[in-house]
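K.L.:
Provided herewith is a single structure, encoded as structure tokens, for subsequent inquiry.
Numbering (our numbering), first residue to last: 1 to 491.
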């Protein structure tokens, strides 16, 4: 069923799920007839709202209680729809578990799922928390734990996780992404790698042999082909007319986690044992020199930080750019939303390749990447944290997480999915997963947002030509000291 798009602002509610249940009546402790639960799923995309209906049966004991769990998810349709939809799929198993435990409560799930801007999305949750109207479950980046746990708007679930055996399947190393001061504040929802992508067809046009193109992932992983080599190749491509000036190498078009691995690659330290963040001036200056050099060598335009994801995705997916740094999940997005008419994933495999971010010789000289798990967190405003976790646990299963990973281009968060056939048969996921060997994380620090904004100020100022790298470092130092005081160490 397709309907015209409604007129609500994009950031309010683009997708919602309503569960309508009539409780069954009986004279016994356990109600008799199950009542059908009609779940209406609405997903709004530009120009239309697509609605589907799913029938589920919920059996509520006569003396029982039907509890509504509200979940809020940011998701790029259609590839990431499973982020919240998996919670809906877990309702039947959640209620079966309650019945088996003799618990008279039953649960339904209402989801609010859209693709709002991250800043608006997070602000919305914080304001809702202040007003006592926060959803029970929020999906966000693991780095938000530092701020939200410290401010008390998400729940410490450390002592509850053991009640749900599904969580034993979570890859052990990913639990560190949800920890702060030895406590856990969420459950990993997905993970990813952030590779260097490149156009194989453009490298061939530049004069590379097929063997050179085919061996590039291995040469990136070994450190043989470096960041400096990439810039040299990008400059050659511009000078040869293989790509337009400014299209030799692209980073993301706005601030985000990716810029942190530049700092790590340059040898920067970030988190002191005291909990303070570190701003390594030598590493930061090297990062600023890198982006300034890219502009000076005509491989990056000085307006690349324009914030326009649509033109950015179109440019990298359709072959306008030689090298770019991106995320594994974007592969599915490009195949589905940008090059579907060109052949989708088959077109991408034919023309694009990927590997770890190349080693920066002037820095650590080691290949690198970054993993940024998204996390299910339970709001401290929830009156049913145990039921919220129960629903999350039933969404954290081999099939649901495996199918979501395949559809979205994300890496699984579960050990068992390594043997799940749809996942193992995905050529892209099987290849990109090896990049996790080189991965790093953001810190779960309540001060990281301010640190990141200051550090990025230096990148944007140098890239636009407003400051030299040396000037940018001093501006950032002043800003960080003013904002963070003793919570930042200038190194």
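All residues carry an ideal CB built from backbone N, CA and C; glycine is no exception.
1) To the nearest whole angstrom, what separates the beta carbons of residue 458 and residue 284, a pair I think is in contact under 8 Å?
2) What are the partner residues of residue 488, as DSSP defines its beta bridges?
3) Could you tell me which whole alpha helix (DSSP H) segments of length 4 or greater appear in the stretch 337 to 389?
4) In the DSSP assignment, find the alpha helix (DSSP H) that holds residue 114 and state where it starts and stops.
5) Threshold first: 4 residues or longer. Then list the alpha helix (DSSP H) segments lying entirely within the stretch 228 to 288, N to C.
6) Going by C-alpha to C-alpha distance, which of 213, 270, 108 sits closest to residue 87?
7) Identify the continuous beta strand (DSSP E) that holds residue 71 and give its terminal residues.
8) What span of residues does the alpha helix (DSSP H) with residue 83 cover, start to end?
9) By DSSP, does residue 155 sit in helix, in strand, or in coil?
10) Out of 417, 260, 298, 339, which one is the CA nearest neighbour of residue 449?
11) Do three or more CB pairs link the stretch 116 to 131 to the stretch 71 to 87 at distances below 8 Å?
12) Mind checking which residues open and close the beta strand (DSSP E) that includes residue 326?
13) Could you work out which residue in 437, 475, 412 is closest to residue 455 when comparing CA atoms only?
14) Could you check whether residue 388 and residue 332 sit closer than 8 Å to each other, using their CB atoms as the reference points?
15) If you follow the beta strand (DSSP E) that residue 199 is in, where does it begin and where does it stop?
16) Looking at residue 350: is its Cβ nearer than 8 Å to the Cβ of residue 335?
17) Applying the 10 Å Cβ sphere with the 16-neighbour rule, what's the burial state of residue 85?
18) Distance, Cα to Cα, residue 40 vs residue 113?
19) Drop a sphere of 10 angstroms on the beta-carbon of residue 415, count the other beta-carbons inside from all chains shown, and report buried for 16 or more, exposed for fewer.
20) Could you name the residues that DSSP lists as bridge partners for residue 188?
21) Just reading off the beta strand (DSSP E) that residue 138 is part of, what are its end residues?
22) If you draw a straight line from the alpha carbon of residue 81 to that of residue 368, how long is it in whole angstroms?
23) Assuming residue 329 and residue 410 make a contact with CB atoms under 8 Å, what is their CB distance in whole Å?
24) Verify whether the separation of the beta carbon atoms of residue 477 and residue 94 is less than 8 Å.
25) Straight-line CA distance for residue 227 to residue 136?
26) May I have the straight-line CA-CA distance separating residue 269 from residue 280, to the nearest angstrom?
P.N.:
Reading from the atomic positions:
1) 6 Å
2) 277
3) 345 to 351
4) No alpha helix (DSSP H) holds residue 114; the beta strand (DSSP E) holding it covers 105 to 114.
5) 258 to 265
6) 108
7) 65 to 74
8) 82 to 89
9) coil
10) 260
11) yes
12) Neither: residue 326 is in no beta strand (DSSP E) and is coded neither H nor E.
13) 475
14) no
15) 196 to 199
16) no
17) buried
18) Because residue 40 carries a pLDDT of 45, less than 50, the predicted location of this residue cannot be relied on, and the following value inherits that uncertainty. The straight-line gap from Cα to Cα measures roughly 13 Å.
19) exposed
20) 375
21) 137 to 141
22) 29 Å
23) 5 Å
24) no
25) 44 Å
26) 6 Å
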